[in-house]
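Number of protein chains: 6
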Amino acid sequence: MFMHNKTLQYTVRVADPNPALASLILEQFGGADGELAAAMRYFTQGLAEEDAGRKDMLLDIATEELSHLEIVGSIVAMLNKGAKAQLAEAAMEEAELYISMTAGGNSHTQSLLFGGGPSLTNSSGVPFSGAYVDSRGDPSADLRSNIAAEGRAKIIYERLINITDDPGLKDALGFLMTREVAHQKSFEKALYSINDNFPTGKLPGLAPFASLYVNTSQGDGDVDGPWNSGEQWDRIDDVAAAIPLDGGNGLATVKLGKDDKAVVAALAARTASDASANPTTGADLGAGPGAGRMSDEDMGGAKDMPEAAAMADAETDHG
Amino acid sequence: MFMHNKTLQYTVRVADPNPALASLILEQFGGADGELAAAMRYFTQGLAEEDAGRKDMLLDIATEELSHLEIVGSIVAMLNKGAKAQLAEAAMEEAELYISMTAGGNSHTQSLLFGGGPSLTNSSGVPFSGAYVDSRGDPSADLRSNIAAEGRAKIIYERLINITDDPGLKDALGFLMTREVAHQKSFEKALYSINDNFPTGKLPGLAPFASLYVNTSQGDGDVDGPWNSGEQWDRIDDVAAAIPLDGGNGLATVKLGKDDKAVVAALAARTASDASANPTTGADLGAGPGAGRMSDEDMGGAKDMPEAAAMADAETDHG
Amino acid sequence: MFMHNKTLQYTVRVADPNPALASLILEQFGGADGELAAAMRYFTQGLAEEDAGRKDMLLDIATEELSHLEIVGSIVAMLNKGAKAQLAEAAMEEAELYISMTAGGNSHTQSLLFGGGPSLTNSSGVPFSGAYVDSRGDPSADLRSNIAAEGRAKIIYERLINITDDPGLKDALGFLMTREVAHQKSFEKALYSINDNFPTGKLPGLAPFASLYVNTSQGDGDVDGPWNSGEQWDRIDDVAAAIPLDGGNGLATVKLGKDDKAVVAALAARTASDASANPTTGADLGAGPGAGRMSDEDMGGAKDMPEAAAMADAETDHG
Amino acid sequence: MFMHNKTLQYTVRVADPNPALASLILEQFGGADGELAAAMRYFTQGLAEEDAGRKDMLLDIATEELSHLEIVGSIVAMLNKGAKAQLAEAAMEEAELYISMTAGGNSHTQSLLFGGGPSLTNSSGVPFSGAYVDSRGDPSADLRSNIAAEGRAKIIYERLINITDDPGLKDALGFLMTREVAHQKSFEKALYSINDNFPTGKLPGLAPFASLYVNTSQGDGDVDGPWNSGEQWDRIDDVAAAIPLDGGNGLATVKLGKDDKAVVAALAARTASDASANPTTGADLGAGPGAGRMSDEDMGGAKDMPEAAAMADAETDHG
Amino acid sequence: MFMHNKTLQYTVRVADPNPALASLILEQFGGADGELAAAMRYFTQGLAEEDAGRKDMLLDIATEELSHLEIVGSIVAMLNKGAKAQLAEAAMEEAELYISMTAGGNSHTQSLLFGGGPSLTNSSGVPFSGAYVDSRGDPSADLRSNIAAEGRAKIIYERLINITDDPGLKDALGFLMTREVAHQKSFEKALYSINDNFPTGKLPGLAPFASLYVNTSQGDGDVDGPWNSGEQWDRIDDVAAAIPLDGGNGLATVKLGKDDKAVVAALAARTASDASANPTTGADLGAGPGAGRMSDEDMGGAKDMPEAAAMADAETDHG
Amino acid sequence: MFMHNKTLQYTVRVADPNPALASLILEQFGGADGELAAAMRYFTQGLAEEDAGRKDMLLDIATEELSHLEIVGSIVAMLNKGAKAQLAEAAMEEAELYISMTAGGNSHTQSLLFGGGPSLTNSSGVPFSGAYVDSRGDPSADLRSNIAAEGRAKIIYERLINITDDPGLKDALGFLMTREVAHQKSFEKALYSINDNFPTGKLPGLAPFASLYVNTSQGDGDVDGPWNSGEQWDRIDDVAAAIPLDGGNGLATVKLGKDDKAVVAALAARTASDASANPTTGADLGAGPGAGRMSDEDMGGAKDMPEAAAMADAETDHG
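Protein chains in written order, with my numbering: chain P, 1 to 319; chain R, 320 to 638; chain W, 639 to 957; chain Y, 958 to 1276; chain G, 1277 to 1595; chain F, 1596 to 1914.
Structure representation (structure tokens):
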């Protein structure tokens, strides 16, 4: 069972109201890498976990993430405190209120729809989605997801720190960022406490394909590295010659029963295209004369569009 | 630029049509860990990558994932081939068609809305979401996300293999599963080819909080492990006594200007609750006599609900 | 700050595994009226609340709802415990696993994607949405939303109780259902502890329209009641004669500047339809002879469709 | 059947085009508390309603809400009329058009994607969702949802009035706001015309838990009020001592069959964590020397982060 | 199978970084009419297509759209290149970074969450949705959807061209726009190469209703045109007199079994409204005296709201 | 303004309740091609339309689609009428209710969450989305979207007719299907009443690319047809040799300022990968011995996976 103490895990000291900044910070409240996503990721894993140690760790960290959700939400409430009251009491002139509500970010919807409280949305106003929670019920996969999620959340806090010059806010954001680092370390320890955690799950890979690198993107820019070359890798460079990799015919087939075969044939016949005709089409009807083959002059009437040829000279000195 | 060859990377041989199984396999077509999510994860990272080696690898693997999307979609098309034609041609009796469309999984919507083609949904019919793509523009975070995503996708293929007894399908799914293993290995190599890849991003953590474990979930089930104990960790067990961790007052505060202060006060006064009264409420109006304090007998009239006390004895021998 | 004790608020005793039932119960985990939606509704309100009493109540109930989320999630984990392990270990034959995964509800995705853990989705597999949280930052509106939400959640638990014959499950669901009743009572008391809580917000309604009932749906079935008749109501029955209600011209107009007027005119001219011609269309091109005016016989070729006339006799004795 | 008259229910007189304001007003077109959500909430209830009076009322109000959708959409069209034509005709310079499209709110997407017409989105550009419609098929729940929804919609109109100084717009918004007040009154009358409307549904609550208040959030800020104290309430303050509330063991259990037990054990064994080791992890590999225990100096290299201690002094005078 | 060449189909030359413009261009990356939606529309159709010619065409164009996705994503990456590095390296002052991130459009979320890479969202930050892909598995419907989609995509590019004065960008956008024109022409040819492509599918329409125009919107503004008048149309103007169109009773009925009838009756009785009483309601409780019938003076206290009468004079000269 | 008459546009006579069928029919209530999507598509276009004829037509058809929404919703209500009451009154045994709720389709959520009323979801329970409404504010694009949407909706009704043997239901569905045919005809007439409706919008295509077909998918299955060959087309078959099509360098470039250049370089240096090393990775840590190069024997331990070689013989006789 959860219990709550009204003391925050970390003190929040905001220097000045700033609704636009509040709307950015919502990214960590109801966004993809936000604290609710984190709490629910670990909580759902913890409830179904058979290993007592991992279960305890997952519930510890889930609970702490809820406490961080409280810190982030409190920051948003403080940044919006004045704007919320101004709008509710209609204390400013209409034009002033309008300007204050459209000062940037997604602050307009925050004020208009949510009245300045923390909303379960990201910084664009997109509602939180359960799809952010990628728990799959396998610890070797889930712990890797948790490690990655902590790594992402750390980055978002770093970016928020970089755009904030309020020392109290920077301080609280620094605390939150650092806790993601600590959590990642816990998840790393838990992952490597499982013997044989690679590959995920139980089934091993098929030997002919588990160390194969397929060089599907070619041309200028091909680079060798330990991710595609060396003794841990087999490698295919002439892809067109190698496919299909199983030596079959490279087609998709299914064995249909007699009835199905007949009906598939009927469908194919009914909807067959007549590739030999050149039918008049809606585009032919809709275009003026010459539309089938537009001339260069067509462009001239409306707006000046640069010629591709002219552009080719302009590309020097690009970064 | 992309080019396409109509030969599949791996031959697809389906023994029998099975629309319900097709609807499950859509999890890897338009689902959270499916091939489109994978392709777009790496493609979006590759387009913005400054490092030539990582860019090449990301485009290689993105392109291969598109080829896997083609394999998965072709499996779905084969499993639905007969059902699609039967419905389009109305070749079976209505009742038979109805039964065939409600045979399990999400096959009803697949037939009704998508006509048996592969749809950009998961196995529940939930449309693919761009939110599955968790690229963040920082290689030390993104590569961890890629590693985790490959680990998750591998598990889903393993589960599909476990429920399929069609040898051709098992074969193709085994190939796809194994390629996720290989891709994970590439991303691991790329991650550890970056010096100083932990923590993610550039900013280090704050020393007082980076090695701290907060034991927020207590009671029976507390377990020590390398994720919360040992020399790499400081640890707080008496959480209530320790908060706030910064030695402040544990409150959220903001410095308001004079005008804002006055308006906040006005809002508070206008919406204050009178905690001393006991007002009549809508619930009081809506309930019959005694509703404020329901009696045990209330339960009896409608349905038998077991007493909590009686239940307490029944719990032995649970697994 | 949140803290957690591994003892549940209410003991969960499940008699038998049942993944299909588990998928239904997810409605209260990640669904619109589920426990996370409830917890977040009250939590977001509490963080921005100025009234100490309401803030305390909102945090109390939010925390309890998180504890209910834990109970619901634990029920789901118990109902799926066997199925999860069977799939992970591939301990049954493929065909058996396939059948067990498609036994109804949304259990197929629960097993395939989420591995039997509680997922942040509803009973159809639709991901939880932050849009379920309808906090608006005004207490007279938010408390009404809370009252309604508790009323809805109560109904969903009632329906789950009605389809379950496991006494331990019925017992836990009965507890959860009852707590919604208690929470509704608290929110009712808090709403009516605010003087002048109707209408919501601060601005009163415009007198000419605040007691007006517009009878827009007419014909057989018009009924008088206290919601549209009596001394508290003015009423308009001849709607067509009454509009527009403001005595204006009933049009939408805007004052455009001279430049805008000219450009709007240019747009109108460029895209004007020629209502006097009868152009050949894509439909005309695409249909066979007679398609412009289909004959009754057209229907006969494909499937028998009942005549409307024949149907008219069949309608007697409908309930 | 629906019919339409081109006269609006209320005349719309917009003084000046303003695409950014138009994008805010979309909140009431395709947003959570907007007119389509309202119309569909009542319409879906009305279609399945058995009570003739409520059915009539629901269809009356649904139809009026559609007429309000028309008013709101017409306002949006008027505010965008000039901008739409300017963009379609490319009548301004590119830079001017660019500036006009990024003037605030969500006007950029409104122009770019929707061409200045009213879009089925909210003020952030989030598409309308059927999840806004919370009809549950029980009148005692649904009417409470309707009451709450009208209360919320009233607030959004109030906020829009507060930021608008165009008298014609203020006038139309005032009309729309007031109609929500009137509708709430109708729904209140209908709710209390049902005997025994509390609790919702049919099943009464379990007596031991229906009047219980659990004080789960404690610490400074605990407040007594009629929502948690007094003769209508039992109350638990020592929560940790009271759980589980049913006198059981507070665990979640399930009776597994023999086969399931064995497989669960196998899963647990295969994925067990070794809590006694301290494995080298990916974080250990990825961090430079000392990363396991960051020093205070680590912070210095990148950006100045204020010390928590230094911040503690700064908190005086916060509002 | 897909292959990739690092040369773009069209050279991208961006004159200056502009993150706000980048966020607009995302509409064509992850938006409803963007390149991924297009590629997936044709790809899903192609995989299930029986006609060899259409299959080839669909895979050709799908592959080209992926190449256009690459061009659009590369434009976004170039426009964000500086901003991405500035934020990652924290090379500017915090206030400068904050300003650069809130310069318009949805650039704040692009920088904060996605780090400046192309994100699978539209220009409002709404994640790409599989619901944009409207493939239905019938070629006469799907080709019309493709024609329409190309027509929409062309318009979005036209609007982007109209707001951009960077010649290199204009050039690349012009190329992309023009390719949509060419693709529409291909789909038109393919549609009209099917004999009998109207109506879609196999079943013809019912003759009495296939050429009927129902004039449901009346009043000032009724216009005749070839879409509702002339020899191809039957027409109903007196709609109220004509319904129901089948000569039945215009009701919805179902034949219920005896048990169902009894239970429906029980439900109706239990939830019946008492239309004869005038119950006290929550609104009555919540409002001050006179709230049931607000007076005109009520409006005066808070804000000046213009009288509807006064407004009526102001409407002259609206455009 | 809208008005409503309780007589349906077409009589609904349902022979027998069938909640699973009801859940399929929801596809046309709240699905992508359903009646609400249609009504809102035309309504949003109509509100912003400058041409009086098109505006009238759009409002006529929008209003009729709302009336069809009413018919579809009434069908759903009739099919669910018994099940709704049985669940609300708990009139059957729990096990019977459970079975009746999991009889197929998405009926479980329809009963559990929506109580048997029509819900604003599709046949999978996915909430209606405003993204289904693809109005773009340009008549030549919007009318094509309308044509395509009617074509799709017609197909879904055809499929529903094909799976239904209830004559009353078939009759009503046939009416609804036919009206889509009639509406398509109206939109076709309106499209071709605009001179110069191709391409959409105002700007013509660039001549060098408007008649170009790029044969990007090659290999077995290449087919010539009027969509890619003949005098209306230029064609590129040797794609690799032709790119970039503009004669440039095929790269994406941007001109960065000096400061940006320096910071981009710093970012690149900080995150550079060391392609020459072969680092130990998390996968190396996590796998047992030999994992870097799995042997064929690895597969044997868990499940029998067919060898690719063995599969190659099995492919004969596929349909």
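Where a beta carbon is used, it is the ideal one built from N, C-alpha and C, also for glycine.
In its own chain, which residues sit with a C-beta less than 7 Å from the C-beta of residue i, not counting the 5 before and 5 after it?
i: Ser124 of chain P; result: Asn106
i: Ile709 of chain W; result: Leu646, Gln647, Tyr648, Val650, Ala810, Leu814
i: Thr1173 of chain Y; result: Val1196
i: Ala1668 of chain F; result: The identity of residue 1668 of chain F in the sequence shown is Gly, whereas the question assumes Ala. The residues are Phe1624, Pro1713.
Rounded to whole angstroms, what's the CA-CA distance from residue i to residue j? Just pull it up for me.
i: Asp772 of chain W; j: Asn18 of chain P; result: 23 Å
i: Asp56 of chain P; j: Asn547 of chain R; result: 10 Å
i: Glu1464 of chain G; j: Asn1525 of chain G; result: 44 Å
i: His502 of chain R; j: Asn1281 of chain G; result: 20 Å
i: Ala715 of chain W; j: Phe43 of chain P; result: 12 Å
i: Leu251 of chain P; j: Ile243 of chain P; result: 11 Å
Taking a contact to mean a Cβ-Cβ separation below 9 Å, would you say residue i touches residue j in this structure?
i: Gly115 of chain P; j: Asp834 of chain W; result: no
i: Ala1324 of chain G; j: Pro446 of chain R; result: no
i: Ala62 of chain P; j: Ala149 of chain P; result: no
i: Ala1627 of chain F; j: Leu432 of chain R; result: yes
i: Tyr1468 of chain G; j: Thr280 of chain P; result: yes
i: Ile1831 of chain F; j: Tyr1808 of chain F; result: yes
Who are residue i's beta bridge partners in DSSP?
i: Val254 of chain P; result: R:Val333
i: Val263 of chain P; result: Answer is none; Val263 of chain P lacks a bridge partner.
i: Ile1018 of chain Y; result: In the DSSP output, where bridge partners are listed per residue, Ile1018 of chain Y has none listed.
i: Asn962 of chain Y; result: G:Gln1494
My assumption, with CB atoms under 8 Å, is that residue i sits in contact with residue j. Please give the rounded CB distance.
i: Leu1297 of chain G; j: Leu1355 of chain G; result: 6 Å
i: Glu1046 of chain Y; j: Lys1797 of chain F; result: 7 Å
i: Gln985 of chain Y; j: Tyr1089 of chain Y; result: Actually they do not touch by this definition, with Cβ atoms about 12 Å apart.
i: Phe1155 of chain Y; j: Gly605 of chain R; result: 3 Å
i: Thr816 of chain W; j: Gly1162 of chain Y; result: 4 Å
Give me, in chain order, the residues of the same chain whose beta-carbon lies closer than 8 Å to that of residue i; leave out the 5 immediate sequence neighbours on both sides.
i: Gly583 of chain R; result: The sequence given here places Val at residue 583 of chain R; Gly does not occur at that position. Cβ within range, chain order: Leu575.
i: Arg802 of chain W; result: For clarity, residue 802 of chain W is Thr in the given sequence; the question names Arg instead. Excluding positions up to five away in sequence, the list reads Leu659, Lys808, Leu811.
i: Leu1664 of chain F; result: Phe1624, Gly1629, Glu1630, Leu1631, Ala1634
Could you pull out every residue in the same chain whose Cβ sits closer than 6 Å to the Cβ of residue i, ignoring the five residues on either side in sequence?
i: Thr1385 of chain G; result: Gly1401
i: Asn1741 of chain F; result: Phe1782
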